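Those letters in the sequence shown? Residues 905 to 1317, by the numbering used here.
For every residue, glycine included, the Cβ atom is placed at its ideal position computed from N, Cα and C.
Here the structure is a predicted model, which is why all the values come from computation and not from measurement.
One structure is given below, encoded as C-alpha coordinates.
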Amino acid sequence: MHTNNIKIYDSLNSKKFFLKDKLFMTRWVNILSLLLIIFLFSCEEMYWPELSDKYENLLVVQGRITTDPGPYIVKLSHSTTLLYPKYFPLSGFEVTIQDNLGNSETLTETEEGVYSTDANGIQGIPGRYYKITLNDPEGKSYASDFELLQQPIKIDTLYANLEYGNNVNHYFDILGYQFYIGTEMASNDTNYLRWQMEETYMFNADFKIYFYYDGQLHDFPEPDSLETCWKTEKITEIFTGTTVGLNQPVISDFPLHYVSFATREFSIRYSLLIHQLTLTEKAYKYWKEIEDQNTSGTSLYTSVPYQIKSNVYNIADEEEPVLGYFEVAGIHTKRIFMDRPLPPIQMYYPICELTEADYKEYGFMFRTNDWRNYPKYVVVDKNYVRAVPPKSCCDCRANSGTLIKPDFWIDKK
(Lines of atoms letter the chains of each structure in order from A and count residues from 1; the text may use other names and numbers.)
(Lines give C-alpha, C1' and ligand atoms only; values in the text may rest on other atoms or scores of the structure.)
Protein backbone atom coordinates (compact mmCIF):
# COMPACT_ATOMS: atom_id res chain seq x y z
CA MET A 1 0.00 0.00 0.00
CA HIS A 2 1.39 3.47 -0.95
CA THR A 3 1.28 6.30 1.59
CA ASN A 4 0.04 9.70 0.43
CA ASN A 5 2.07 12.60 1.74
CA ILE A 6 -0.23 15.42 2.84
CA LYS A 7 1.48 18.76 2.65
CA ILE A 8 0.33 21.35 5.18
CA TYR A 9 0.47 24.77 3.64
CA ASP A 10 1.33 27.91 5.54
CA SER A 11 -1.62 29.60 7.22
CA LEU A 12 -0.74 32.81 5.39
CA ASN A 13 -1.93 31.25 2.12
CA SER A 14 -5.28 32.23 0.72
CA LYS A 15 -8.33 31.30 2.78
CA LYS A 16 -9.83 29.43 -0.15
CA PHE A 17 -6.80 27.17 -0.57
CA PHE A 18 -6.58 26.62 3.20
CA LEU A 19 -10.22 25.48 3.41
CA LYS A 20 -9.72 23.11 0.45
CA ASP A 21 -6.65 21.55 2.08
CA LYS A 22 -8.44 21.28 5.44
CA LEU A 23 -11.30 19.42 3.76
CA PHE A 24 -8.78 17.03 2.15
CA MET A 25 -7.18 16.33 5.53
CA THR A 26 -10.55 15.78 7.18
CA ARG A 27 -11.48 13.18 4.60
CA TRP A 28 -8.17 11.36 5.17
CA VAL A 29 -8.66 11.40 8.94
CA ASN A 30 -12.13 9.88 8.49
CA ILE A 31 -10.78 7.13 6.21
CA LEU A 32 -7.93 6.28 8.58
CA SER A 33 -10.30 6.24 11.54
CA LEU A 34 -12.60 3.84 9.73
CA LEU A 35 -9.69 1.53 8.89
CA LEU A 36 -8.54 1.60 12.51
CA ILE A 37 -12.04 0.66 13.76
CA ILE A 38 -12.24 -2.23 11.28
CA PHE A 39 -8.79 -3.41 12.38
CA LEU A 40 -9.56 -3.25 16.09
CA PHE A 41 -12.85 -5.12 15.75
CA SER A 42 -11.70 -7.71 13.22
CA CYS A 43 -12.23 -11.42 13.93
CA GLU A 44 -8.56 -12.03 14.69
CA GLU A 45 -7.38 -11.70 18.25
CA MET A 46 -4.29 -9.63 19.00
CA TYR A 47 -1.47 -11.86 20.22
CA TRP A 48 1.71 -10.73 21.97
CA PRO A 49 4.42 -13.31 22.77
CA GLU A 50 4.78 -12.14 26.40
CA LEU A 51 2.46 -14.78 27.84
CA SER A 52 1.41 -15.12 31.45
CA ASP A 53 3.57 -17.11 33.87
CA LYS A 54 0.70 -19.62 34.17
CA TYR A 55 1.86 -21.13 30.88
CA GLU A 56 5.29 -21.96 32.27
CA ASN A 57 6.19 -25.24 34.00
CA LEU A 58 3.22 -27.10 32.55
CA LEU A 59 3.23 -30.82 31.95
CA VAL A 60 4.04 -31.66 28.30
CA VAL A 61 3.07 -35.13 27.04
CA GLN A 62 4.40 -36.65 23.80
CA GLY A 63 3.56 -40.24 22.98
CA ARG A 64 1.34 -42.66 21.13
CA ILE A 65 0.27 -46.25 20.62
CA THR A 66 -0.27 -47.48 17.05
CA THR A 67 -1.05 -50.59 15.05
CA ASP A 68 2.70 -51.10 14.54
CA PRO A 69 4.44 -53.40 17.06
CA GLY A 70 6.03 -51.74 20.10
CA PRO A 71 7.94 -50.61 21.96
CA TYR A 72 5.94 -47.40 22.36
CA ILE A 73 7.60 -44.28 23.69
CA VAL A 74 6.17 -41.54 25.93
CA LYS A 75 8.19 -38.39 26.63
CA LEU A 76 7.35 -36.15 29.58
CA SER A 77 8.74 -32.66 30.10
CA HIS A 78 7.63 -29.28 31.35
CA SER A 79 7.10 -26.12 29.38
CA THR A 80 9.41 -23.11 29.49
CA THR A 81 9.15 -19.51 28.32
CA LEU A 82 8.69 -18.65 24.65
CA LEU A 83 11.64 -16.26 24.87
CA TYR A 84 14.11 -18.85 26.18
CA PRO A 85 12.68 -22.28 25.29
CA LYS A 86 14.52 -25.30 26.69
CA TYR A 87 13.80 -28.98 27.07
CA PHE A 88 13.34 -30.02 30.69
CA PRO A 89 12.58 -33.77 30.98
CA LEU A 90 10.47 -35.00 33.89
CA SER A 91 11.73 -38.06 35.72
CA GLY A 92 10.18 -40.38 38.29
CA PHE A 93 6.66 -40.65 36.82
CA GLU A 94 4.63 -43.84 36.83
CA VAL A 95 3.36 -44.15 33.26
CA THR A 96 0.76 -46.78 32.29
CA ILE A 97 -0.94 -47.58 29.00
CA GLN A 98 -4.12 -49.64 29.20
CA ASP A 99 -6.89 -50.85 26.90
CA ASN A 100 -10.62 -51.23 27.47
CA LEU A 101 -10.31 -54.99 28.01
CA GLY A 102 -8.21 -54.64 31.16
CA ASN A 103 -4.78 -55.14 29.58
CA SER A 104 -2.14 -52.68 30.78
CA GLU A 105 1.58 -52.11 31.02
CA THR A 106 3.65 -49.79 33.22
CA LEU A 107 6.41 -48.24 31.16
CA THR A 108 10.12 -48.25 32.07
CA GLU A 109 12.05 -44.98 32.23
CA THR A 110 14.92 -45.66 29.83
CA GLU A 111 16.44 -42.19 30.14
CA GLU A 112 15.45 -39.02 31.92
CA GLY A 113 11.90 -38.17 30.88
CA VAL A 114 11.65 -41.01 28.32
CA TYR A 115 9.36 -43.95 29.13
CA SER A 116 9.08 -47.12 27.05
CA THR A 117 7.03 -50.29 26.84
CA ASP A 118 8.78 -53.64 26.39
CA ALA A 119 9.23 -54.92 22.85
CA ASN A 120 6.96 -57.83 23.75
CA GLY A 121 4.64 -55.77 25.93
CA ILE A 122 1.24 -54.24 25.20
CA GLN A 123 0.35 -54.07 21.51
CA GLY A 124 -2.00 -51.76 19.67
CA ILE A 125 -4.94 -53.67 18.16
CA PRO A 126 -7.47 -51.98 15.85
CA GLY A 127 -10.94 -51.81 17.37
CA ARG A 128 -9.74 -51.53 20.96
CA TYR A 129 -9.69 -48.35 23.04
CA TYR A 130 -6.54 -47.09 24.77
CA LYS A 131 -5.66 -44.47 27.38
CA ILE A 132 -2.66 -43.32 29.38
CA THR A 133 -2.34 -42.58 33.10
CA LEU A 134 0.49 -40.62 34.71
CA ASN A 135 1.37 -40.36 38.40
CA ASP A 136 4.03 -37.83 39.28
CA PRO A 137 6.41 -38.04 42.27
CA GLU A 138 4.37 -35.38 44.14
CA GLY A 139 1.15 -37.43 44.04
CA LYS A 140 -0.63 -35.72 41.12
CA SER A 141 -2.46 -38.01 38.73
CA TYR A 142 -3.15 -37.36 35.07
CA ALA A 143 -5.03 -39.39 32.46
CA SER A 144 -6.48 -39.33 28.98
CA ASP A 145 -9.89 -40.68 28.01
CA PHE A 146 -10.14 -43.92 26.06
CA GLU A 147 -9.71 -43.41 22.31
CA LEU A 148 -10.44 -45.93 19.56
CA LEU A 149 -7.46 -47.34 17.67
CA GLN A 150 -8.51 -47.03 14.04
CA GLN A 151 -7.82 -49.55 11.30
CA PRO A 152 -5.05 -47.87 9.26
CA ILE A 153 -5.79 -46.55 5.80
CA LYS A 154 -2.92 -47.51 3.49
CA ILE A 155 -0.82 -45.23 1.29
CA ASP A 156 -1.48 -45.80 -2.39
CA THR A 157 0.74 -43.31 -4.22
CA LEU A 158 3.76 -41.23 -3.23
CA TYR A 159 5.53 -39.09 -5.83
CA ALA A 160 7.18 -35.72 -6.43
CA ASN A 161 6.84 -33.05 -9.12
CA LEU A 162 9.31 -30.36 -10.16
CA GLU A 163 7.82 -27.05 -9.07
CA TYR A 164 9.01 -23.49 -8.50
CA GLY A 165 9.03 -21.97 -5.04
CA ASN A 166 10.07 -18.74 -3.38
CA ASN A 167 13.47 -18.54 -1.70
CA VAL A 168 14.51 -15.75 0.64
CA ASN A 169 18.17 -16.00 -0.44
CA HIS A 170 17.49 -15.40 -4.14
CA TYR A 171 15.66 -12.75 -6.11
CA PHE A 172 14.01 -15.33 -8.36
CA ASP A 173 11.95 -18.49 -7.87
CA ILE A 174 13.91 -21.73 -7.61
CA LEU A 175 12.93 -25.21 -8.66
CA GLY A 176 12.44 -27.96 -6.13
CA TYR A 177 10.50 -31.15 -5.55
CA GLN A 178 6.94 -30.97 -4.24
CA PHE A 179 5.86 -34.30 -2.73
CA TYR A 180 2.31 -35.60 -3.11
CA ILE A 181 0.48 -38.50 -1.50
CA GLY A 182 -2.64 -40.50 -2.26
CA THR A 183 -4.52 -42.99 -0.08
CA GLU A 184 -6.27 -46.23 -0.82
CA MET A 185 -10.05 -46.23 -0.72
CA ALA A 186 -11.27 -46.31 2.89
CA SER A 187 -13.99 -48.65 4.08
CA ASN A 188 -16.15 -45.82 5.47
CA ASP A 189 -16.85 -42.22 4.52
CA THR A 190 -15.52 -40.44 7.62
CA ASN A 191 -11.74 -40.63 8.07
CA TYR A 192 -9.14 -38.38 9.65
CA LEU A 193 -5.45 -38.47 8.75
CA ARG A 194 -2.14 -36.94 9.73
CA TRP A 195 1.22 -37.34 8.01
CA GLN A 196 4.61 -37.41 9.69
CA MET A 197 7.81 -37.36 7.66
CA GLU A 198 11.51 -37.96 8.07
CA GLU A 199 14.07 -37.14 5.40
CA THR A 200 17.48 -38.74 4.89
CA TYR A 201 19.91 -37.53 2.28
CA MET A 202 23.40 -38.29 1.06
CA PHE A 203 25.79 -35.39 0.49
CA ASN A 204 29.48 -34.62 -0.05
CA ALA A 205 31.93 -32.16 1.43
CA ASP A 206 33.36 -29.83 -1.21
CA PHE A 207 37.06 -30.73 -0.77
CA LYS A 208 39.01 -33.91 -0.15
CA ILE A 209 41.56 -33.92 2.67
CA TYR A 210 45.16 -34.67 1.70
CA PHE A 211 47.02 -33.79 4.92
CA TYR A 212 46.19 -33.20 8.55
CA TYR A 213 48.07 -31.26 11.22
CA ASP A 214 48.10 -32.06 14.95
CA GLY A 215 51.33 -30.31 15.83
CA GLN A 216 52.98 -32.19 13.00
CA LEU A 217 51.97 -32.54 9.36
CA HIS A 218 50.82 -36.00 8.24
CA ASP A 219 49.53 -37.52 5.05
CA PHE A 220 45.81 -38.17 5.23
CA PRO A 221 45.63 -41.88 4.40
CA GLU A 222 42.20 -41.86 2.72
CA PRO A 223 41.47 -38.48 1.12
CA ASP A 224 37.80 -39.27 0.53
CA SER A 225 37.05 -40.95 3.88
CA LEU A 226 35.41 -37.81 5.32
CA GLU A 227 33.82 -36.72 2.07
CA THR A 228 30.45 -38.53 2.03
CA CYS A 229 27.84 -38.42 4.77
CA TRP A 230 24.17 -39.14 5.40
CA LYS A 231 21.91 -36.87 7.38
CA THR A 232 18.48 -37.67 8.84
CA GLU A 233 16.07 -35.02 10.06
CA LYS A 234 12.45 -35.04 11.18
CA ILE A 235 10.23 -32.69 9.21
CA THR A 236 8.46 -30.43 11.68
CA GLU A 237 5.64 -29.28 9.38
CA ILE A 238 2.20 -30.62 10.28
CA PHE A 239 -0.08 -32.00 7.58
CA THR A 240 -3.65 -33.20 8.19
CA GLY A 241 -6.43 -34.35 5.91
CA THR A 242 -9.94 -35.76 6.00
CA THR A 243 -12.34 -37.54 3.66
CA VAL A 244 -15.32 -35.72 5.19
CA GLY A 245 -17.26 -34.00 2.42
CA LEU A 246 -15.55 -35.86 -0.43
CA ASN A 247 -17.49 -37.80 -3.05
CA GLN A 248 -15.43 -40.88 -2.25
CA PRO A 249 -13.43 -41.77 0.90
CA VAL A 250 -10.07 -41.41 -0.81
CA ILE A 251 -7.48 -38.62 -0.81
CA SER A 252 -5.59 -38.01 -4.06
CA ASP A 253 -2.64 -35.79 -5.00
CA PHE A 254 -2.42 -34.23 -1.55
CA PRO A 255 0.59 -31.81 -1.29
CA LEU A 256 3.06 -32.51 1.50
CA HIS A 257 6.69 -31.49 1.96
CA TYR A 258 8.54 -29.21 -0.49
CA VAL A 259 12.33 -29.32 -0.93
CA SER A 260 14.07 -26.47 -2.75
CA PHE A 261 17.23 -26.98 -4.80
CA ALA A 262 18.78 -24.13 -2.80
CA THR A 263 19.83 -26.74 -0.21
CA ARG A 264 21.96 -29.90 -0.43
CA GLU A 265 19.16 -32.40 0.10
CA PHE A 266 19.11 -33.35 -3.57
CA SER A 267 22.83 -32.90 -4.22
CA ILE A 268 23.25 -36.71 -4.60
CA ARG A 269 20.37 -38.89 -3.35
CA TYR A 270 17.34 -38.27 -1.16
CA SER A 271 14.86 -40.43 0.74
CA LEU A 272 11.56 -39.45 2.35
CA LEU A 273 9.83 -41.67 4.92
CA ILE A 274 6.07 -41.10 5.32
CA HIS A 275 3.98 -42.22 8.28
CA GLN A 276 0.26 -42.02 7.52
CA LEU A 277 -1.68 -41.93 10.78
CA THR A 278 -5.40 -42.71 10.89
CA LEU A 279 -6.82 -40.72 13.81
CA THR A 280 -9.96 -40.20 15.83
CA GLU A 281 -11.90 -37.01 15.16
CA LYS A 282 -10.72 -35.59 18.49
CA ALA A 283 -7.05 -36.14 17.65
CA TYR A 284 -7.55 -34.74 14.15
CA LYS A 285 -9.05 -31.52 15.52
CA TYR A 286 -6.10 -31.13 17.89
CA TRP A 287 -3.51 -31.45 15.11
CA LYS A 288 -5.58 -29.42 12.66
CA GLU A 289 -5.65 -26.49 15.07
CA ILE A 290 -1.87 -26.66 15.44
CA GLU A 291 -1.45 -26.89 11.67
CA ASP A 292 -3.69 -23.86 11.13
CA GLN A 293 -1.79 -21.92 13.76
CA ASN A 294 1.60 -22.75 12.26
CA THR A 295 0.52 -21.79 8.75
CA SER A 296 -1.34 -18.60 9.69
CA GLY A 297 1.69 -16.46 8.86
CA THR A 298 4.22 -14.51 10.86
CA SER A 299 1.82 -11.82 12.05
CA LEU A 300 1.48 -11.22 15.77
CA TYR A 301 -2.29 -11.12 15.33
CA THR A 302 -3.37 -14.73 15.69
CA SER A 303 -4.89 -17.03 18.27
CA VAL A 304 -3.03 -17.77 21.47
CA PRO A 305 -1.25 -21.16 21.09
CA TYR A 306 -2.15 -22.40 24.56
CA GLN A 307 -5.87 -22.40 23.72
CA ILE A 308 -5.30 -25.78 22.04
CA LYS A 309 -6.39 -28.38 24.58
CA SER A 310 -4.57 -31.63 25.26
CA ASN A 311 -6.43 -34.91 25.71
CA VAL A 312 -4.46 -35.44 28.95
CA TYR A 313 -5.85 -33.79 32.09
CA ASN A 314 -5.27 -33.57 35.82
CA ILE A 315 -7.78 -35.98 37.38
CA ALA A 316 -8.25 -33.77 40.47
CA ASP A 317 -8.19 -30.44 38.60
CA GLU A 318 -9.28 -30.51 34.97
CA GLU A 319 -8.74 -26.74 34.75
CA GLU A 320 -4.96 -27.23 34.99
CA PRO A 321 -3.53 -26.68 31.49
CA VAL A 322 -1.62 -29.63 30.02
CA LEU A 323 0.25 -29.51 26.72
CA GLY A 324 0.77 -32.21 24.10
CA TYR A 325 -1.27 -35.24 23.15
CA PHE A 326 -1.30 -38.99 23.73
CA GLU A 327 -2.12 -40.32 20.28
CA VAL A 328 -3.98 -43.52 19.45
CA ALA A 329 -3.63 -44.16 15.73
CA GLY A 330 -3.55 -46.70 12.94
CA ILE A 331 -0.34 -46.33 10.95
CA HIS A 332 0.93 -47.17 7.47
CA THR A 333 4.45 -46.32 6.29
CA LYS A 334 6.07 -45.85 2.91
CA ARG A 335 9.51 -44.68 1.75
CA ILE A 336 10.56 -43.07 -1.52
CA PHE A 337 14.08 -42.60 -2.96
CA MET A 338 14.99 -39.90 -5.46
CA ASP A 339 18.22 -38.89 -7.18
CA ARG A 340 19.65 -35.52 -8.08
CA PRO A 341 17.79 -34.22 -11.13
CA LEU A 342 19.66 -34.37 -14.42
CA PRO A 343 20.91 -31.30 -16.32
CA PRO A 344 19.88 -28.75 -17.37
CA ILE A 345 18.22 -28.47 -13.95
CA GLN A 346 20.55 -26.52 -11.66
CA MET A 347 21.34 -26.68 -7.97
CA TYR A 348 21.62 -23.39 -6.07
CA TYR A 349 23.10 -24.45 -2.73
CA PRO A 350 26.32 -22.63 -1.68
CA ILE A 351 29.64 -24.32 -2.53
CA CYS A 352 32.91 -23.70 -0.69
CA GLU A 353 35.64 -21.85 -2.55
CA LEU A 354 39.20 -21.41 -1.33
CA THR A 355 39.92 -17.86 -0.20
CA GLU A 356 43.12 -15.95 0.44
CA ALA A 357 42.58 -16.47 4.15
CA ASP A 358 42.46 -20.27 3.62
CA TYR A 359 45.83 -20.22 1.85
CA LYS A 360 47.34 -18.03 4.59
CA GLU A 361 45.96 -20.33 7.28
CA TYR A 362 48.23 -23.12 5.98
CA GLY A 363 51.27 -21.05 6.94
CA PHE A 364 49.79 -19.71 10.18
CA MET A 365 49.02 -23.16 11.57
CA PHE A 366 52.75 -23.99 11.87
CA ARG A 367 53.19 -20.93 14.11
CA THR A 368 50.40 -21.75 16.52
CA ASN A 369 50.16 -24.47 19.11
CA ASP A 370 46.49 -24.58 20.05
CA TRP A 371 45.59 -28.25 20.38
CA ARG A 372 41.90 -27.35 20.76
CA ASN A 373 41.73 -26.74 17.00
CA TYR A 374 43.38 -30.04 16.06
CA PRO A 375 43.26 -31.71 13.70
CA LYS A 376 43.64 -29.10 10.99
CA TYR A 377 42.68 -30.45 7.59
CA VAL A 378 44.74 -29.47 4.55
CA VAL A 379 43.36 -29.55 1.01
CA VAL A 380 45.02 -28.79 -2.35
CA ASP A 381 43.69 -26.79 -5.29
CA LYS A 382 44.03 -27.69 -8.96
CA ASN A 383 47.56 -26.25 -8.94
CA TYR A 384 48.45 -28.38 -5.88
CA VAL A 385 48.70 -25.31 -3.66
CA ARG A 386 47.80 -26.13 -0.07
CA ALA A 387 45.10 -24.42 1.98
CA VAL A 388 43.20 -24.90 5.24
CA PRO A 389 39.48 -24.14 4.72
CA PRO A 390 36.80 -24.36 7.42
CA LYS A 391 36.14 -27.95 8.48
CA SER A 392 32.60 -27.77 7.13
CA CYS A 393 34.12 -27.58 3.63
CA CYS A 394 36.13 -30.81 3.88
CA ASP A 395 34.64 -32.91 6.71
CA CYS A 396 31.00 -33.77 6.06
CA ARG A 397 30.51 -34.56 9.74
CA ALA A 398 30.88 -30.85 10.47
CA ASN A 399 27.51 -30.37 8.73
CA SER A 400 25.75 -32.76 11.15
CA GLY A 401 26.27 -35.75 8.90
CA THR A 402 27.26 -39.30 9.76
CA LEU A 403 29.69 -41.54 7.91
CA ILE A 404 27.54 -44.59 8.68
CA LYS A 405 25.24 -45.54 5.84
CA PRO A 406 21.69 -46.18 7.15
CA ASP A 407 20.54 -49.80 7.07
CA PHE A 408 17.57 -48.91 4.86
CA TRP A 409 19.65 -46.99 2.32
CA ILE A 410 19.47 -48.19 -1.28
CA ASP A 411 22.26 -47.02 -3.55
CA LYS A 412 21.51 -45.73 -7.02
CA LYS A 413 21.43 -48.54 -9.55
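Contact check, residue i vs residue j, beta carbons under 8 Å
| i | j | result |
| --- | --- | --- |
| Tyr-1116 | Lys-1295 | no |
| Leu-860 | Met-1251 | Nothing can be reported for residue 860, as the shown portion of the chain is limited to 905 through 1317. |
| Ile-1113 | Thr-1087 | no |
| Tyr-1063 | Ile-1078 | no |
| Glu-1051 | Val-1232 | yes |
| Phe-1158 | Tyr-1084 | yes |
| His-1161 | Ile-1194 | no |
| Leu-1130 | Asp-1299 | yes |
| Val-1148 | Ala-1090 | no |
| Asn-1004 | Tyr-1033 | yes |
| Ser-1048 | Ile-1036 | yes |
| Ile-1235 | Leu-1183 | no |
| Asn-1198 | Ile-1240 | no |
| Arg-1290 | Asp-1243 | no |
| Asp-1285 | Leu-1258 | yes |
Close Cβ partners of residue i (< 8 Å) along its chain, the five nearest in sequence each way excluded
| i | result |
| --- | --- |
| Ser-1304 | Lys-1135 |
| Leu-1227 | Leu-962, Leu-963, Val-964, Val-965, Ser-983, Tyr-1210 and Ser-1214 |
| Gly-1043 | none |
| Pro-1310 | Thr-1104, Trp-1134 and Thr-1136 |
| Tyr-1188 | Tyr-1096, Leu-1097, Arg-1098, Thr-1144 and Thr-1146 |
| Arg-1301 | Leu-1130, Cys-1133 and Leu-1307 |
| Tyr-1253 | Phe-1165, Ala-1166, Thr-1167, Arg-1168 and Ser-1171 |
Delimiting residues of the alpha helix (DSSP H) encompassing residue i
| i | result |
| --- | --- |
| Ile-1194 | 1185–1198 |
| Phe-1268 | 1260–1268 |
Where the beta strand (DSSP E) containing residue i begins and where it ends
| i | result |
| --- | --- |
| Asp-1123 | 1121–1123 |
| Ser-1296 | Per DSSP, Ser-1296 belongs to no beta strand (DSSP E) and is neither H nor E. |
| Asp-1003 | 998–1003 |
| Cys-1133 | 1132–1146 |
| Leu-1066 | 1059–1069 |
| Asp-1243 | 1227–1243 |
| Ile-1085 | 1078–1087 |
| Leu-980 | 977–982 |
| Tyr-1162 | 1158–1164 |
| Val-1154 | It is not in any beta strand (DSSP E) - Val-1154 carries neither H nor E in the DSSP assignment. |
| Thr-1021 | Taken as a continuous stretch (DSSP letters only), Thr-1021 belongs to no beta strand (DSSP E), as it is neither H nor E. |
| Lys-1395 | Residue coverage of the chain in this structure runs from 905 to 1317, which leaves residue 1395 outside it and unanswerable. |
| Ser-1091 | From DSSP, Ser-1091 is part of no beta strand (DSSP E); its letter is neither H nor E. |
| Asp-1116 | The displayed chain sequence assigns Tyr, not Asp, to residue 1116. Per DSSP, Tyr-1116 belongs to the beta strand (DSSP E) from 1115–1117. |
| Ser-1008 | 1008–1010 |
Close-in-space but distant-in-sequence residues of the same chain around residue i (CB under 7 Å, 5 per side omitted)
| i | result |
| --- | --- |
| Met-1269 | Tyr-1117, Lys-1280 and Val-1292 |
| Ser-981 | Val-964, Tyr-991, Phe-992, Pro-993, Leu-994 and Gly-1017 |
| Thr-1021 | Gly-974, Pro-975, Tyr-976, Ile-1001, Glu-1009 and Leu-1011 |
| Cys-1297 | Ala-1109, Asp-1110, Phe-1111 and Cys-1256 |
| Ser-1164 | Gly-1069, Asn-1071, Ile-1078 and Gly-1080 |
| Asp-1262 | Ala-1291, Val-1292 and Pro-1293 |
Residues near residue i in its chain [Cβ-Cβ closer than 6 Å; skip 5 each side]
| i | result |
| --- | --- |
| Asn-934 | Because the pLDDT at Asn-934 is just 47, under 50, the model does not fix this residue reliably, and the point stays unresolved. |
| Gly-1028 | Ile-969, Thr-970, Thr-971 and Leu-1053 |
| Tyr-1229 | Tyr-1190, Ser-1214 and Asn-1215 |
| Ala-1220 | none |
| Asp-1093 | Pro-1153 |
| Phe-1312 | none |
| Thr-1237 | His-1179 |
Beta bridge counterpart(s) of residue i as assigned by DSSP
| i | result |
| --- | --- |
| Pro-1310 | Bridge partners of Pro-1310: none, in fact. |
| Thr-1104 | Thr-1136 and Ser-1175 |
| Arg-968 | Glu-1231 |
| Trp-1099 | Phe-1143 and Gln-1180 |
| Asn-1039 | Glu-998 and Ser-1045 |
| Val-1216 | Ser-1048 |
| Phe-992 | His-982 |
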